[in-house]
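In this note's numbering, the protein residues as written are 7 to 154. We treat Cβ as the ideally placed atom computed from N, Cα and C, and that holds for glycine. First up is the structure itself, then whatever we jot down about it.
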Amino acid sequence: IDSLAVGETETPDLSRMTFVVMGDDRVLDQVRKQLEKVVTVVEVEDISSQDFVERDLMLARVRAPKGTHRSEIFELVRIFRGKIVDVGADELIVEISGRESKVQAFIERIRPYGITQLVRTGRIALVRSGQVATATGIGEPVAVEVHS
7 IDSLAVGETE TPDLSRMTFV VMGDDRVLDQ VRKQLEKVVT VVEVEDISSQ
57 DFVERDLMLA RVRAPKGTHR SEIFELVRIF RGKIVDVGAD ELIVEISGRE
107 SKVQAFIERI RPYGITQLVR TGRIALVRSG QVATATGIGE PVAVEVHS
């Protein structure tokens, strides 16, 4: 499993788990069977062949002593359409969300300034309404609904 995100849904007694699994249909089938053994699964839906919207959320604590490169960090956050969610004397906490590639690109750009802590949600996804299947398949999200 490359990524796992779990959260509440629009239905009070259900949680949605989004897995990202690299592999072929055999691997996906194995994951599906294992999930059905562990928790009460309502539905396992492979959305890799459908058009979907996906997001990843990241929070990073970045070194930013006053009088140093703070303005450069603020500019990077602006370019990536992120947010500064906390400002300390020597550090900032930055929030970035978007496609996994965008989040990863931000991490690479900010790393030289000094990341002291980093946390990510993993990818979450929903199938687009009324769209035609276009996604590639391997390494794409699998949505699983389970009873909480």
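The three-state secondary structure of F58, taken from DSSP, is strand. Residue pairing of Q123 in beta bridges, as defined by DSSP: R67. Sixteen is the threshold: since fewer than 16 other Cβ atoms of the shown chains lie within 10 Å of the Cβ of T17, the residue is exposed. A11 is bridged by DSSP to T24. The residue among V50, L98, S103 with its C-alpha nearest the C-alpha of G88 is S103. Looking at the backbone, the Cα of Q36 and that of V26 are separated by about 14 Å. Here I121 is near A66, since their CB atoms are less than 8 Å apart.
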